[in-house]
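J.: Counting from 1 along the sequence shown, just add 20 to a position and that's the residue number in our numbering. I have a structure here, written as structure tokens, and I will follow up with some questions on it.
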Amino acid sequence: MTIEETFASLEDTISVLENKETTLEDAFKEYEKGIKLINEANNSLNDVKKKIQILQDENTFESVDEDEF
């Protein structure tokens, strides 16, 4: 599932939880689903953060003094 799909699913879960006609049992199921989605989103974001850090580390250039030219 992409991060966008995860966020869309979270929005759906929130809508169900906000619905006053949702039963307590259904609300609990949606809550559990929401917690899993939040963990999945956090993991995806952490993976992206690590990849960005690796790219930044690989593309770090030493500063060049203008007098060297």
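The beta-carbon is built from N, C-alpha and C at its ideal position, and this holds for glycine as well.
Does Thr43 pass the burial test, meaning 16 or more other C-beta atoms within 10 Å, or should it be called exposed?
T.: Flag for Thr43 reads exposed.
J.: Tell me which same chain residues have a C-beta within less than 6 Å of the C-beta of Lys53, skipping the five on either side of it?
T.: Same-chain partners within the cutoff: Thr33.
J.: Would you kindly report the start and end of the unbroken alpha helix (DSSP H) that includes Lys40?
T.: It is not in any alpha helix (DSSP H) - Lys40 carries neither H nor E in the DSSP assignment.
J.: Could you give the distance in angstroms between the alpha-carbon of Asn63 and the alpha-carbon of Phe48?
T.: For Asn63 and Phe48, the distance between alpha carbons rounds to 23 Å.
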